[in-house]
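Input: a single structure, listed below in structure tokens.
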Amino acid sequence: MTQRSLPFPDDASNPPSAAKTGKLTALKFEAAKMSPAQKRFNQLIDQTESLVAKIQAAQALADSHRVKSSTALTPLKNEFDTLVRKMAWWLDERLTQRG
């Protein structure tokens with residue numbers, strides 16, 4: 012028995028987040044006269060958008076650093092593993108000898 016897919020459009024399965032699309036500004040109040048709570052809400056929306064931009068910049072830096080560190084550290088890790096293996100074989104040989 013096979014299960015039929017649900018009748019949702021393809022883009023509904025992976026909706027873009029409001030932070031990625033910049034739609035938080037749509038939540039802002041745009042009245043000529045705003046209450047203090049509405050002004051505070053707008054400030055919090057601005058802070059949220061600023062933090063989202065900073066997080067995205069940090070993620071981009073981390074991704075670029077990950078590539079650089081991987082290319083630099085992978086050969087060193089392989090060399091370390093080889094040397095540890097050689098040391099284990101050397102110790103085994105030394106410990107099996109008499110005297």
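All residue numbers for the sequence shown refer to the numbering used here, where the first residue is 12 and numbers rise by one.
Even glycine gets a Cβ: it sits at the ideal position worked out from N, Cα and C.
Taking the alpha-carbon positions, what's the residue i to residue j distance?
i: glutamate 60; j: leucine 35; result: 7 Å
i: histidine 76; j: lysine 50; result: 39 Å
i: lysine 79; j: methionine 98; result: 29 Å
i: leucine 94; j: arginine 109; result: 25 Å
i: proline 47; j: alanine 73; result: 39 Å
i: leucine 62; j: glutamate 104; result: 59 Å
i: leucine 102; j: arginine 96; result: 10 Å
i: glutamine 58; j: lysine 65; result: 11 Å
i: glutamine 67; j: serine 81; result: 21 Å
i: alanine 83; j: alanine 42; result: 55 Å
i: proline 86; j: leucine 106; result: 30 Å
i: lysine 88; j: tryptophan 100; result: 19 Å
Could you pull out every residue in the same chain whose Cβ sits closer than 7 Å to the Cβ of residue i, ignoring the five residues on either side in sequence?
i: leucine 38; result: Ile56
If I measure Cβ to Cβ from residue i and keep anything under 8 Å in the same chain, skipping five residues before and after, which residues do I get?
i: asparagine 53; result: Lys39, Phe40, Met45
Tell me which residues share the same chain as residue i and place their Cβ nearer than 6 Å to its Cβ, disregarding the 5 neighbours each side in the sequence.
i: glutamate 90; result: none
i: alanine 71; result: none
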